[in-house]
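Heads up, the sequence shown is in our numbering, so the first residue is 193 and it goes up one at a time. Beta carbons: idealized from backbone N, C-alpha and C, even for Gly. Reviewing the structure listed below.
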Amino acid sequence: MDNLFQAVALNASITLKNRLLMAPLTRCMADDELVPTQAMADYYARRADTGLIISEATIIRPDGQGYPNTPGLYTPAQIAGWRKVTDKVHDNGGKIFAQLWHTGRVAHPHFFGGDDVLAPSALGVEGTVPRMRELTYVVPKPASKEEIEELIADYAQAAINALEAGFDGVEIHGANGYLIDQFLHYSSNVREDEFGGSPENMARFPLAVVDAVVKAIGEDRTALRLSPGAYFNMDADARDREVFDYLLGELESRNLAFLHVGVFDDSMAFDYLGGTASEYMRSRYSKTLVGVGGFTPESGSQAIANGKFDLLAIGRPLIANPDYVAKVRAGEALTEYSDTMLAELV
Ligand code: FNR
Ligand code: 8K6
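Listed below in structure tokens is the structure:
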């Protein structure tokens with residue numbers, strides 16, 4: 193498993209001390225102003241021996257909120273709260289990117305005072321909000337062109353705020369059925385303007401966000417997470433494949449810090465992708481790729497050795513083992529994750 197402990201230069205600006213990343217993990221533990229707390233700073237700092245921490249998804253503006261107490265990155269207090277986190281991670285020798293999030297149609301007006309929920313099209317998700325089952329999802333309002341322009345500008349501003357808060361870069365959350373992903377799938381995007389109807393049009397908003405963030409903070413500090421396989425908050429449509437073929441081709445010509453597979457279990461194959469999400473992304477994208485989803489240190493190391501991806505993100509095992517990297521290095525047994533561990537930050 194030596195390859196997990198090799199240093200990797202992402203680009204001229206950022207070198208990671210090893211190939212083990214902390215995957216973004218929503219914990220719903222920010223305070224009621226969506227400000228990160230001291231307990232969050234301690235939690236992240238305990239994991240600073242990973243090569244890179246990707247923060248839990250962090251909303252770029254109030255109407256992006258879909259769950260209780262998810263942190264934000266748009267008020268001075270939120271920026272100051274994150275500064276405490278990033279300082280402590282840096283003091284412990286780590287690096288940390290902010291994951292920039294807008295939940296689109298998975299937002300709920302309860303969290304931001306009853307305004308419209310914005311999405312590509314007026315197609316709602318079924319069901320109720322996790323942890324607040326009394327809240328039923330609403331039918332969203334298709335974002336106007338003006339609103340789309342504002343969203344793009346707000347992603348860029350959140351990226352600027354992230355650097356002000358001391359983050360080393362950002363990962364744009366384009367995965368898991370949230371706003372950016374909603375533009376990329378036919379089951380959530382039936383627009384007939386330049387943002388829908390063809391692969392090029394459906395990729396227009398995601399690429400505009402990427403380009404605006406790159407313009408704001410530079411390509412070296414910009415990463416992107418994508419879910420070409422629909423598995424969460426989204427129904428699959430075989431035509432989605434063409435959208436991701438186009439998008440990944442466009443991304444190949446940019447020099448992002450990395451692309452990150454957005455999946456819960458990478459042993460899951462998607463028939464219209466011809467394999468797993470990571471196999472599909474590797475076949476269309478040759479630059480730095482982060483794999484994730486059900487890997488052990490052994491299986492992740494093997495996947496890197498076989499060229500399936502370059503870096504390994506670890507989610508649930510890092511909740512269960514704050515000292516995951518030290519344990520793996522020492523060959524010690526890992527504590528098994530259980531959902532009950534989500535109740536507190538350890
Ligand atoms: C997640 N995941 C996730 N993904 C993301 O892009 N942003 C997020 O905020 C979250 N939040 C989150 C919370 C919890 C409790 C879980 C379990 C998962 C998905 C996560 O990053 C990762 O892809 C999966 O957990 C799969 O990796 P592991 O856990 O099998 O290593
Ligand atoms: C209240 C907590 C809200 C957390 C939301 C963040 C996303 C959590 C990710 C869970 C993903 C579960 C997906 C399960 C898909 C199984 C597919 C077979």
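Secondary structure of residue i, DSSP reduced to three states
i	result
lysine 287	coil
valine 453	strand
phenylalanine 462	strand
valine 227	coil
proline 216	coil
lysine 333	strand
glycine 369	coil
valine 482	strand
glycine 264	strand
alanine 272	helix
valine 538	coil
leucine 310	strand
glycine 467	strand
threonine 278	helix
Between the CA atoms of residue j and residue i - distance to the nearest angstrom
i	j	result
threonine 295	glycine 369	8 Å
aspartate 385	proline 391	12 Å
asparagine 513	serine 530	11 Å
arginine 211	alanine 505	8 Å
leucine 448	serine 478	12 Å
isoleucine 271	histidine 300	23 Å
methionine 473	asparagine 425	20 Å
methionine 460	leucine 481	18 Å
alanine 351	aspartate 373	19 Å
glutamate 318	glutamate 524	43 Å
lysine 209	threonine 532	31 Å
lysine 337	alanine 408	21 Å
aspartate 432	alanine 522	43 Å
alanine 430	leucine 465	8 Å
phenylalanine 501	alanine 199	15 Å
Expected contact under 8 Å - CB spacing of residue i and residue j to nearest Å
i	j	result
glycine 358	aspartate 279	6 Å
alanine 469	glycine 421	5 Å
methionine 214	asparagine 261	Actually they do not touch by this definition, with Cβ atoms about 20 Å apart.
alanine 404	alanine 348	4 Å
proline 228	glycine 273	4 Å
leucine 440	arginine 476	4 Å
isoleucine 412	asparagine 203	Looking at the sequence itself, residue 412 is aspartate, so the reference to isoleucine does not match. With 8 Å as the limit, aspartate 412 and asparagine 203 qualify as a contact, their Cβ atoms being about 4 Å apart.
Residue interval of the alpha helix (DSSP H) (run including residue i)
i	result
valine 543	Outside the modelled stretch of the chain, which goes from 193 to 538, sits residue 543, for which no answer is possible.
leucine 534	Element bounds for leucine 534: n/a, residue is neither H nor E.
leucine 443	432-444
isoleucine 496	489-497
valine 517	516-522
Heavy atom of ligand 1 within 7 Å of residue i beta-carbon
i	result
phenylalanine 375	no
arginine 417	yes
glutamate 248	yes
glycine 296	no
valine 435	no
alanine 215	yes
isoleucine 506	yes
phenylalanine 289	no
threonine 218	yes
valine 520	no
leucine 534	yes
valine 484	yes
phenylalanine 549	For the chain, the structure presents residues 193 to 538; residue 549 sits outside this window and is missing.
valine 455	yes
Boundaries (first-last residue) of the beta strand (DSSP E) holding residue i
i	result
leucine 416	414-418
serine 247	244-251
arginine 325	324-328
isoleucine 364	361-366
leucine 503	503-506
Any chain B beta carbon closer than 8 Å to residue i
i	result
leucine 217	Here chain B cannot be found, since the structure has a single protein chain.
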